[in-house]
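Colleague:
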Amino acid sequence: MSPTPEPALTPAAGGRPPLELWLGIECTFNRVGDTYLNQLERGGHLERPGDLDLLAGLGARRIRYPALWEQVAPGSPDTPDWRWTDRQLARLRPLRLEPVVTLLHHGSGPRYTSLLDPEFPEKLAAYAGQVARRSPWVTSYTPVDEPLTTARFSGLYGVWYPHHATDESFVRMVLHQCRGTVLAMRAVREVQPGASLVRTDDLGRAHATAAMQPEADFQNERRWLACDLLCGRVGPGRPTRSGPTCSPPGRGRRNCGGSSIIPACPTSSAWTTTSRASAFWTSGRRSHAGA
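Be aware that the sequence shown starts at 990, since it is given in the working numbering, and climbs by one per residue.
#1: Who are the near neighbours of E1036 in its chain, counting only those whose CB is closer than 7 Å to its CB and skipping five residues on each side?
#2: According to DSSP, is Y1146 part of a helix, a strand, or is it coil?
#3: Would you call the region 1141–1160 and the region 1093–1104 touching, i.e. three or more CB-CB distances under 8 Å?
#4: Starting from the Cα of Q1181, find the closest Cα among Q1119, W1213, M1201 and D1023 and give me that residue.
#5: Between the Cα of L1044 and those of L1081, E1108 and T1024, spot the shortest distance and give me the residue it belongs to.
#6: State the DSSP-derived secondary structure class of V1187, mapped to helix, strand or coil.
#7: Quick check on the DSSP output: the alpha helix (DSSP H) that includes R1211 runs from which residue to which?
#8: Are there 16 or more other CB atoms within 10 angstroms of the CB of D1190, so buried, or fewer, so exposed?
#9: Less than 8 Å separating the beta-carbons of F1159 and W1149?
#10: Quick one: Cα of P1136 to Cα of R1211, how far?
#11: Determine, using beta carbons only, whether L1041 and L1092 come nearer to each other than 8 Å.
#12: Could you tell me which of V1223, G1193, T1170 and A1215 sits nearest to S1129, measuring between CA atoms?
#13: If we count the other Cβ atoms within 10 Å of its Cβ and call it buried at 16 or more, is A1173 buried or exposed?
#14: By the three-class DSSP mapping on this structure, what secondary structure does R1005 have?
#15: Measure the C-alpha to C-alpha separation of P1252 and F1207 and round it to an integer number of angstroms.
#16: Beta-carbon within less than 6 Å of L1192's beta-carbon, same chain only, minus the 5 sequence neighbours each way: which residues are those?
#17: On the DSSP letters alone, give me the boundaries of the beta strand (DSSP E) that V1090 sits inside.
#18: If you draw a straight line from the C-alpha of R1050 to the C-alpha of T1198, how long is it?
#19: With DSSP collapsed to three states, give me the class of G1064.
#20: Comparing C-alpha positions only, which one of N1027, R1175, T1131 and L1214 sits nearest to E1111?
#21: Given this structure, state the Cα-to-Cα distance separating L1086 from A1200, to the nearest angstrom.
Laid out in structure tokens, this is it:
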């Protein structure tokens, strides 16, 4: 099937960029116990190359697309299998679908690492560099999908591997994923200096009765933690929102824009895991409850 011809893009009112249709394939690849759950397989996309033609036919311009660490190199970083990933990414080019490549989607990594592995960030970065070298034309990446959500389910609720349920594990998982994002983007930019970080996370807002309002307030603060870490807005004595441009939740708080996130990722070197973990973890609030 041939892709639908692209319509001409014209600037919106006020000179703003025109709206674009972005799509994605659900590619969660998470672990429960010793079992990996691959949504690409369960949904049938692994065996349906024609899906990409159908998506291109909708007129989309970008697609969030997987080059998943656990799928490519499940047993060892030295024996990756790139066949499916190479084939699928190559198909996107003639379809004029620009990929936003995802490396980790609600996962804890292959069996030789986990979200609590102190070397997790470096291992993820090494894999990111491999992906970039194989597909140097890719210019957009999401190294870790929804790091805060993944840390909640893996480190706070105990549902996903490594099945921890403590404040400390939750915070360390957030830190490792954010650090992994920073190092992964550095590795990618050694190959493609113009690569952009496309960050994702669940920013659902909690509501409560008067009796539970303090818990809702805490959850509404906690939801910004990964974003603030990547923006360099967390430090000792300033658990979150330490940047001058951040306004309180519910009062026009902006998500971190590309101008602040993207330059921060490859250049930030002042990353002290212990101080940031303790700054949030000992901020006088608990983080067991909540979505």
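A virtual CB, placed ideally from N, CA and C, is assigned to each residue, including glycine.
Modeller: Quick look at the numbers:
#1: none
#2: coil
#3: yes
#4: Q1119
#5: L1081
#6: coil
#7: Q1202 to R1211
#8: buried
#9: no
#10: 12 Å
#11: no
#12: T1170
#13: buried
#14: coil
#15: Confidence in P1252 is poor, its pLDDT being 27 and thus under 50, which makes the residue's placement unreliable; the coordinate value appears in the next sentence. P1252 and F1207: Cα-Cα distance of roughly 29 Å.
#16: R1212
#17: E1087 to H1094
#18: 43 Å
#19: coil
#20: R1175
#21: 49 Å
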